[in-house]
Amino acid sequence: MRVVFKNILIGASLCFISLSAFFSSSLAQNALPSLVQKGEYLSKAADCMACHRATDPSGKPFQGGLAISTPMGNIISSNITPSKKAGIGEYSLEDFSNAVRKGIRKDGTNLYPGMPYTAFSRINDDDIKALYSYFMLGVEPVDIKPEQETNLAFPFNIRTLMIGWNILYGQGASIKLPDNASQELKRGQYLVDGLGHCGTCHTPRNTLMAEDSAKYLSSGYADQWRAPNITSDDISGIGGWSEKEIIAYLKGQNVAEKGGAAGVMAEAINHSLRYLSEEDITSIAVYLKNVPAINNPEQTMPAYEYDGKELALSEIEYGNQKNPRGFTTADTTNGAFLYNSVCASCHGINGQGTQDGFYPSLTHNATVGMDDPRNLIGVIRLGVDRYDGDRRVFMPSASYHPLNDDQIIAVANYVRGHFGDGSQTITYETLKTIEKGIPSSFLIKNAAWLFVGAIVIAILIIIAILRRIFLKRNSV
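Per the UniProt record's numbering, residue 1 is the first one in the sequence shown, and the count goes up by one each step.
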């Protein structure tokens, strides 16, 4: 009887173990796709594709190779597919976390903060695991390394210098929320300061190219574009925008009497923001409305409040060619002539745009009214290409017409003079300054000489100390 009971007990135990293993395995299999799916969503929230895409539009996702412009030189984005040959296929979860949150590669070398690890340092452990799962299991391996490698000029090519920089500036700028902050507000901050790394562009940089915490989100640069003030200030920032308007803008829409995104911000919408849930987009808007206001004393009215000038019929100058592209073979720099020939057919003679907002108004437009002409120049030169949901919003670049540099300047001055703040004239020198990209500090511009000078001074100090020690010993 004991033997029978013992056998029954053993059998029941084995059955229980088998069933437990089966259910555990099933749960793991069901949980894995969910984790990968979460990681895919987070990769969009973090805008990974915007930088880690190929230079060729036909390239594979996360293949890398894109050149990211910085004052120190171009940083080439890496292949982050699970390829063991060219990507991060050999990375463990810890390796992945170190790269994303600390800027340290698997081989121990330091990444440059062109990879926004100072913001990603805020990503929590669960989200890192989800991201790792997605990149290892949900991304197609691409066994192609970028054709170029990051090769910055001296002394920025010395990656070990980043160790000291990371000690000082290892985490991006942010603000402290009140203890009773809502979950929506906390989520908004997590997305803005962490995954979304908004401060990477929208927060000004100090002399060492770190985010200036005292000027959090008060306007920075991204390549040849100006990232505007997005604090809650009513004049310099977005305090005059409603939450609904901010949400619409982040989704890629043209916002009536405010404007729409272009350039680097349009890329962020295309690759990231348009994929976010309604809850997450709303939490971002709620958070931005609560960011402490920072005012630019030189700015007396919001960039989007300029009414523009309504032109009399006698003031309108039309192109006199049947082919609207034909006249641009000439070297005319008459801004009115150029505007009415290549711009007015969409934006209207008085810059009023269309009633449905598909072709935006140039009056009450933040891009036109901004004191810095970078974004207006960028739109004219490079055009607009972004998505509003599944609808493509497109404006051809200057090369389509085509317009030369002097004509671009003439159109920009005409638009600013008639529809925005025309108090400052754009010159050829202005255009060339914009082409140089992000402004750099004296320290960055002269880093090589200053670095060599510091080494020479250090050597001289050491020699002086050794000489003094030697003379002191001889005098005894």
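Just so it is clear, CB atoms sit at the ideal spot from N, CA and C, and this is done for glycine as well.
The C-alpha of CYS346 is placed about 15 Å away from the C-alpha of ALA336. Residue pairing by DSSP places SER58 in no beta bridge whatsoever. A residue is called buried when at least 16 other Cβ atoms come within 10 angstroms of its Cβ; ASP390 does not meet this threshold and is exposed. With respect to LEU208, LEU250 sits apart: the two C-beta atoms are not nearer than 9 Å.
Taking C-beta separations shorter than 8 Å and ignoring five residues to either side along the sequence, the partners of ALA448 in its chain run ALA153, PHE154, PRO155, following chain order.
For THR354 and GLU257, the gap between their C-alpha atoms comes out near 12 Å. For GLY220, the pairing in a beta bridge is given by DSSP as ALA227. When the alpha-carbon of GLY65 is set against those of PHE451, ARG392, ARG53, the nearest one is in ARG53. Pairwise C-beta distances place the segment 62–77 in contact with the segment 127–144, as three or more of them are shorter than 8 Å. In the displayed model, PHE154 falls within coil according to three-state DSSP, outside both helix and strand. When the five nearest sequence neighbours on each side are left out, the beta carbons in the same chain lying within less than 6 Å of the beta carbon of CYS198 are those of VAL192, in order along the chain. Rounded to whole angstroms, the Cβ separation of ALA119 and GLY194 is 6 Å, and the two are in contact under 8 Å.
One Cα belongs to LYS244, the other to GLU90, and the distance between them is close to 44 Å. Residue environment for PHE96: buried (at least 16 other C-beta atoms within 10 angstroms of its C-beta).
DSSP places SER283 in no beta strand (DSSP E) but in the uninterrupted alpha helix (DSSP H) bounded by 278–288. Scanning the segment 401–433 from its first residue to its last, the whole alpha helix (DSSP H) runs of 4-plus residues come out as 405–419. Linking ASP47 to THR70 through their CA atoms gives a straight-line distance of about 18 Å. The DSSP-derived three-state label of TYR91 is coil. Per DSSP, MET265 lies in no beta strand (DSSP E); the unbroken alpha helix (DSSP H) holding it starts and ends at 263–271. In the DSSP assignment, ASN340 falls within the alpha helix (DSSP H) that extends over 335–342.
If only complete runs of 3 or more residues are kept, the UniProt domain "Cytochrome c" (34–139) shows the beta strand (DSSP E) at 67–70, 73–76, in order along the chain.
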